[in-house]
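Sequential numbering from 1 applies to the sequence shown in the working numbering. Even glycine gets a Cβ: it sits at the ideal position worked out from N, Cα and C. These numbers were taken from a predicted model, which means no experiment stands behind them.
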Amino acid sequence: GGPLLLLVQLAGCASNQTRPNTPSHVKHRRVWSSMRAFLAKGEVIQGVNHHSAAGNETYQERLARLEGDKESLILQVSVLTDQVEAQGEKIRDLEVCLEGHQVKLNAAEEMLQQVR
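Okay, here's the thing in structure tokens:
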């Protein structure tokens, strides 16, 4: 029972048990909202315009294209930053959970040694 219960608890820690009102959940929602907005524009990293500065492109057209590319890259950085922050929070949550289970495991091992 004991080791199996510990494994079940660890598995529960790794699963997504975030409550709807936790900051982590709010952040995930914001990341997905940003990502949806980003994808709705039809832009991905490879989607940045790679037109050559051909002679038929005016200065104004090139400037507008580059400004669009800049906005797209700023949005991509924002989305990726939010994802990194959310993953960092998840890692910290799992580390706290792991520490708690390590304490329980150490206590169980001590009890086992006393029984022997």
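Counting every other CB atom within 10 Å of its CB across the protein chains shown gives Val-84 a total below 16, marking it as exposed. Ala-86 sits buried, since 16 or more C-beta atoms from the chains shown fall within 10 Å of its C-beta. DSSP places Glu-61 in the helix class (H, G or I) of the three-state scheme. Collapsing the DSSP output to three states places Arg-92 in a helix. The straight-line gap separating the alpha-carbon atoms of Arg-65 and Leu-73 is approximately 12 Å.
Assigned with DSSP and collapsed to three states, Asn-56 falls in coil, not helix or strand.
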